[in-house]
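K.L.:
Got a structure for you, questions after.
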Ligand SMILES: [Zn+2]
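Structure (structure tokens):
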């Protein structure tokens with residue numbers, strides 16, 4: 298990796314040489330504007346090259362494409378560091394034009410890229426090792442004895458109602474043994490390095506840096522905690538109700554006395570969505586007999602139909618159609634005869650010529666129809682803020698970007714809209730019918746919220762040193778038990794590293810954006826419903842074809858990150874705060890139903906803030922025998938254990954992290 302060191306040495310030298318001018322820079326704003334204009338053009342070109350290389354690799358994973366991608370990333374890093382140094386000729390913090398100051402401030406933020414080449418190399422190396430553990434993990438299928446990957450095999454088994462819970466439990470344990478458990482030492486090193494690097498950019502630690510993207514006007518962590526506290530009583534209603542349905546089905550013996558839900562029976566490896574236990578928990582099963590996925594298949598829908606339906610909704614609001622380049626270059630289906638990354642994502646190519654693309658391996662199902670709208674929401678954001686200078690071509694905050702497509706999804710999934718697009722024959726105007734509908738939305742959206750909160754709550758504590766490496770796993774489980782109300786099916790210890798079993802932890806993708814977006818999307822939805830003149834219950838609102846709603850949405854999207862998000866939010870919704878109130882209004886009839894249903898069950902509304910004790914595990918049926926190998930020891934700071942090609946393949950994310958506009962699904 299000598300190349301890396303040499304390439305980064307020159308900009309580093311410039312930083313050292315020019316560092317002198319920072320305090321006494323020029324306040325000549327005309328000169329600064331001229332400098333910025335050229336920088337903006339060059340930045341678009343540099344980003345385009347890096348995104349192109351990243352895309353080529355993602356849709357065709359070869360050593361050659363990997364090498365090109367790493368080269369492009371290094372070039373972009375060099376460019377950013379060089380320009381950041383040049384910027385220091387201006388005292389941009391003191392400009393009278395605050396818009397210009399904001400442009401410079403955003404350009405100045407290049408994250409851990411400010412650090413020296415040696416650290417970059419170590420950081421890349423450790424992040425590559427973490428990603429490799431996750432991406433290459435395979436687990437023994439307890440039924441066949443075959444070694445199988447997470448996707449599609451294990452994900453499908455966890456979701457399948459016909460797979461016995463003991464098999465799910467073995468997969469649950471096996472996945473954590475083969476992924477997270479191997480990462481603990483490397484994660485500790487990653488935290489140490491990341492913090493050291495971001496300190497060079499003036500932040501106390503990575504937590505402070507990540508939170509800075511929200512430009513907090515008060516204590517950000519307290520704001521998130523307040524949101525959670527406001528929402529928790531409603532989550533408790535859902536939790537107790539689902540527990541009352543699952544306990545008789547699975548048998549009381551697997552439910553701890555602490556009233557936690559066993560983590561492995563909720564239809565999802567992380568219990569982050571409970572949508573796959575709908576058949577066991579539906580309030581009025583006799584009032585909900587339609588299967589939308591079957592209807593999509595019966596009508597001959599394919600991936601193109603799904604993208605066209607999504608496009609048509611946005612177009613009906615007066616937002617533009619997808620561009621010609623989008624249709625020419627988007628990858629909607631798994632490509633034949635190549636290795637590709639199927640994780641759904643949306644890409645901005647910074648061309649000013651409408652080059653935006655989605656990459657996903659669509660299956661014709663209702664959940665994928667939602668995913669298609671989610672990704673197209675990102676594309677609409679890209680399209681609407683395309684004319685902004687590059688540093689403003691971003692969401693008002695990261696939660697905004699995630700919320701756009703989900704807002705549209707709330708309208709599209711209404712039974713009223715499903716009738717309009719031919720997926721339902723008619724709606725039934727009964728209370729039971731709509732309670733079922735809201736319940737399905739709740740299993741997906743409300744069940745997610747504590748999970749969306751706890752991942753970064755844990756990481757902030759780790760980055761700040763409040764949780765030490767000796768407490769990594771117990772601190773994780775403290776949050777899983779307390780907030781989410783779920784417990785492990787087997788005892789856990791500090792030999793395990795369960796945070797590492799979730800993609801975004803080894804992948805170093807911040808997660809609080811999804812928590813924020815789950816509140817924001819109901820705020821956006823309610824505001825757009827009001828603009829469209831909707832009357833009646835919020836959950837029935839479909840603002841399809843409303844130009845008034847479209848104009849308001851368009852205005853918000855077009856602003857990009859040019860203003861503080863509180864200003865952007867206020868313009869659309871009249872409030873400057875992320876609020877749980879619209880979500881609570883939306884689900885009110887469901888909450889009333891759950892309150893009554895819980896009164897008639899013996900399930901308590903609360904669960905212990907502490908995980909079940911070891912005594913509970915030893916008193917229950919024998920836990921599964923796991924035959925996991927001991928965690929591998931790693932050579933600190935070295936990529937020597939990985940073949941060169943593997944290292945190259947996986948190091949793009951490690952180099953630039955959040956700087957590129959590639960937006961992943963949660
Ligand atoms: Zn997304």
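Numbering (the working numbering), first residue to last: 298 to 963. Idealized CB from N, CA, C, for every residue including glycine. A quick note: this is a predicted structure, and the numbers were derived from the prediction, not measured.
Which residues does DSSP pair with residue 444 in a beta bridge?
P.N.:
Locating residue 444 in the chain shown gives position 147, where the first residue counts as 1. DSSP, once it has assigned bridges, lists 437 as partnering residue 444.
K.L.:
For residue 684, which three-state DSSP category applies?
P.N.:
Against the chain shown, residue 684 aligns to sequence position 387. Of the three classes helix, strand and coil, the one that applies to residue 684 here is coil, per DSSP.
K.L.:
Can you have a look at residue 635 and say buried or exposed, based on whether 16 or more other CB atoms are within 10 angstroms of its CB?
P.N.:
Along the chain shown, one-based indexing puts residue 635 at 338. Exposed, since its Cβ has fewer than 16 Cβ neighbours within 10 Å.
K.L.:
What is the DSSP secondary structure of residue 881, counted as helix, strand or coil?
P.N.:
Residue mapping note: residue 881 aligns to position 584 of the chain shown, counting from 1. Note: residue 881 maps to helix in three-state DSSP.
K.L.:
With distances taken between CB atoms, is the gap from residue 683 to residue 655 smaller than 7 angstroms?
P.N.:
Your numbering for residue 683 matches position 386 in the chain shown. Your numbering for residue 655 matches position 358 in the chain shown. No, they are not a contact pair.
K.L.:
In whole angstroms, give me the CA-to-CA distance for residue 307 and residue 412.
P.N.:
Within the chain shown, residue 307 is the residue found at index 10, counting from 1. Within the chain shown, residue 412 is the residue found at index 115, counting from 1. In this prediction, residue 307 scores a pLDDT of 38, lower than 50, which makes its location untrustworthy; no coordinate-derived value is stated.
K.L.:
Could you spell out where the beta strand (DSSP E) holding residue 645 opens and where it closes?
P.N.:
In the chain shown, counting from the first residue as 1, residue 645 sits at position 348. Per DSSP, residue 645 belongs to the beta strand (DSSP E) from 642-645.
K.L.:
Considering only DSSP beta bridges, list what residue 663 is partnered with.
P.N.:
Within the chain shown, the letter at position 366 stands for residue 663. Assignment of beta-bridge partners to residue 663 by DSSP yields no partner.
K.L.:
Would you kindly work out how many angstroms separate the C-alpha atoms of residue 692 and residue 348, rounded to a whole number?
P.N.:
For this step, residue 692 is matched to residue 395 along the chain shown. For this step, residue 348 is matched to residue 51 along the chain shown. Distance between the alpha carbons of residue 692 and residue 348 is about 18 angstroms.
K.L.:
Distance, Cα to Cα, residue 426 vs residue 476?
P.N.:
Residue numbering aside, residue 426 sits at position 129 when the chain shown is read from its first letter. Residue numbering aside, residue 476 sits at position 179 when the chain shown is read from its first letter. Going by the C-alpha atoms only, they are around 11 angstroms apart.
K.L.:
Closer than 7 angstroms by C-beta to residue 857: which residues in its own chain qualify, once you throw out the five before and the five after it? Chain order, please.
P.N.:
In the chain shown, counting from the first residue as 1, residue 857 sits at position 560. Contacts found: 682, 685, 689, 690 and 691.
K.L.:
Three Cβ pairs or more, each shorter than 8 angstroms: is that satisfied between the stretch 551-566 and the stretch 462-480?
P.N.:
yes
K.L.:
For residue 751, which three-state DSSP category applies?
P.N.:
By one-based count along the chain shown, residue 751 stands at place 454. Helix, per DSSP.
K.L.:
Entirely within the stretch 721-781 and at least 4 residues each: give me those alpha helix (DSSP H) ranges in chain order.
P.N.:
728-742, 746-760 and 769-776
K.L.:
Terminal residues of the continuous beta strand (DSSP E) containing residue 655?
P.N.:
Numbered from its first residue, the chain shown carries residue 655 at position 358. Looking at the DSSP string, the run of the beta strand (DSSP E) that includes residue 655 is 653-656.
K.L.:
Decide if residue 929 is buried, meaning its Cβ has at least 16 other Cβ atoms within 10 Å, or exposed.
P.N.:
Looking up residue 929 in the chain shown gives position 632. Note that residue 929 scores a pLDDT of 41, beneath 50, so its modelled location is shaky; the value from the coordinates is reported in the next line. With fewer than 16 other Cβ atoms from the protein chains shown falling within 10 Å of its own Cβ, residue 929 counts as exposed.
K.L.:
Mark residue 725 as exposed unless 16 or more other C-beta atoms lie within 10 angstroms of its C-beta, in which case mark it buried.
P.N.:
The residue given as residue 725 occupies position 428 in the chain shown. Exposed, because fewer than 16 other Cβ atoms sit within 10 Å of the Cβ of residue 725.
K.L.:
Taking 7 angstroms as the cut-off, decide whether the C-beta atoms of residue 367 and residue 759 are in contact.
P.N.:
Counted from its first residue, the chain shown places residue 367 at position 70. Counted from its first residue, the chain shown places residue 759 at position 462. The answer is no: Cβ separation not under 7 angstroms.
K.L.:
Mind checking which residues open and close the alpha helix (DSSP H) that includes residue 343?
P.N.:
For the purposes of this step, residue 343 is taken as the residue at position 46 of the chain shown. Note, residue 343: alpha helix (DSSP H), 326-356.
K.L.:
Closest to residue 479 by CA distance: which of 810, 787, 913 and 770 is it?
P.N.:
Sequence index remark: in the chain shown, residue 479 carries index 182 (1-based). Measuring from the Cα of residue 479, the nearest candidate turns out to be 770.
K.L.:
Specify the secondary structure class of residue 715 as computed by DSSP and reduced to three states.
P.N.:
Against the chain shown, residue 715 aligns to sequence position 418. Of the three classes helix, strand and coil, the one that applies to residue 715 here is helix, per DSSP.
K.L.:
What's the gap between the Cα of residue 432 and the Cα of residue 447?
P.N.:
Position 135 of the chain shown, counted from the first residue, corresponds to residue 432. Position 150 of the chain shown, counted from the first residue, corresponds to residue 447. Computed Cα separation, rounded: 9 angstroms.
K.L.:
Would you report the Cα separation of residue 451 and residue 727, rounded to the nearest angstrom?
P.N.:
In the chain shown, the residue the question calls residue 451 occupies position 154. In the chain shown, the residue the question calls residue 727 occupies position 430. Going from the Cα of residue 451 to the Cα of residue 727 covers about 38 angstroms.
K.L.:
Taking residue 437 as the reference, which of 472, 677, 846 and 899 has the closest Cα?
P.N.:
Residue numbering aside, residue 437 sits at position 140 when the chain shown is read from its first letter. When only C-alpha atoms are compared, the closest one is 472.
K.L.:
Residue 592 to residue 573, Cα distance in whole Å?
P.N.:
Within the chain shown, the letter at position 295 stands for residue 592. Within the chain shown, the letter at position 276 stands for residue 573. It is roughly 18 angstroms from the alpha-carbon of residue 592 to the alpha-carbon of residue 573.
K.L.:
What do you reckon, are the CB atoms on residue 737 and residue 816 nearer than 7 angstroms?
P.N.:
Looking up residue 737 in the chain shown gives position 440. Looking up residue 816 in the chain shown gives position 519. Cβ distance not < 7 angstroms, so residue 737 and residue 816 don't count as in contact.
K.L.:
Is it true that the CB of residue 870 sits closer than 7 angstroms to the CB of residue 820?
P.N.:
Numbered from 1 along the chain shown, position 523 holds the residue referred to as residue 820. Numbered from 1 along the chain shown, position 573 holds the residue referred to as residue 870. Yes; because the gap between Cβ atoms is below 7 angstroms, this pair is in contact.
K.L.:
Please report the distance separating the alpha-carbon of residue 792 from that of residue 768.
P.N.:
Numbered from 1 along the chain shown, position 495 holds the residue referred to as residue 792. Numbered from 1 along the chain shown, position 471 holds the residue referred to as residue 768. Roughly 10 angstroms separates the two Cα atoms.
K.L.:
Which class does residue 962 belong to by DSSP, given the choice of helix, strand or coil?
P.N.:
Counting from 1 along the chain shown, the entry for residue 962 is found at position 665. It is coil, neither helix nor strand.
K.L.:
Report yes or no: do the stretch 452-459 and the stretch 570-588 share at least 3 C-beta pairs separated by less than 8 angstroms?
P.N.:
yes
K.L.:
Please identify the residue among 794, 788, 717 and 722 whose C-alpha is closest to the C-alpha of residue 755.
P.N.:
To locate residue 755, count along the chain shown from 1; it is residue 458. Distance from the Cα of residue 755 is smallest, within the candidate group 794, 788, 717 and 722, for 794.
K.L.:
Compare the Cα-Cα distances from residue 328 to each of 351, 344, 385 and 343 and report the closest residue.
P.N.:
Numbered from its first residue, the chain shown carries residue 328 at position 31. If we check each option's Cα against that of residue 328, 385 comes out closest.
K.L.:
Tell me, please, whether the stretch 899-907 touches the stretch 778-790 by the rule of three or more beta-carbon pairs shorter than 8 angstroms.
P.N.:
Because the criterion of three Cβ pairs below 8 angstroms is met, the stretch 899-907 and the stretch 778-790 touch.
K.L.:
Do you know offhand how far residue 648's Cα is from residue 543's?
P.N.:
Taking the first residue of the chain shown as position 1, residue 648 is located at position 351. Taking the first residue of the chain shown as position 1, residue 543 is located at position 246. The straight-line gap from Cα to Cα measures roughly 52 angstroms.
K.L.:
Helix or strand or just coil, what does DSSP make of residue 402?
P.N.:
Against the chain shown, residue 402 aligns to sequence position 105. Three-state result, residue 402: helix.
K.L.:
Should residue 883 and residue 835 be called a contact, given that it needs their Cβ atoms to be closer than 7 angstroms?
P.N.:
Within the chain shown, residue 883 is the residue found at index 586, counting from 1. Within the chain shown, residue 835 is the residue found at index 538, counting from 1. Taking 7 angstroms as the Cβ cut-off, residue 883 and residue 835 qualify as a contacting pair.
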